[in-house]
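Novice: Count along the sequence shown from 1, add 431, and you get the number used in the numbering used here. Just passing along the structure, written as structure tokens.
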Amino acid sequence: HTHTHTHTHTHTHTHTHTHTHTHNTHTHKDTHTHKYTHTQTQQLEKETGKLFKKKKKFEDTERKTAQKCDDLTVEIKDLDGLLVQRQQEADQKNENMKEAFKAHEATVNALKEELANKKQNA
């Protein structure tokens, strides 16, 4: 059986603030009384709860983001490492090419010289 019982019991919380300020030798006492009904208080608690949940969600996201950042940092480091490695390999290949070219050049020069000598001797 559905028995909806809406009982709004208004029980009041009273907050009293007393402001005392002295103005020229006269002291003014100024008392404000704020009354909160129970439902308002519940509403506030609900709002606060919502905010708290949001805050927690944000912190979780932040933590996850930080984790993602860490992962990315590691990935970037790996990529950087790979780049340096590739650069070194390229340099190495370059060195090898230079060496090969030098050897080739030497061979060509030797042949040229030989040819020149033959011409002279002819």
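Virtual Cβ for every residue (Gly too), placed ideally from N, Cα, C. Bear in mind that the values here come from a model prediction, so they are computed numbers and not experimental data.
(1) Within its chain, find whatever has a CB closer than 8 Å to the CB of residue 499; leave out the 5 residues flanking it on each side and keep chain order.
(2) Distance check for residue 503 and residue 476, CA to CA, integer angstroms please.
(3) So, with DSSP's three-state summary, where would you put residue 553?
Specialist: Taking the geometry as given:
(1) none
(2) 40 Å
(3) coil
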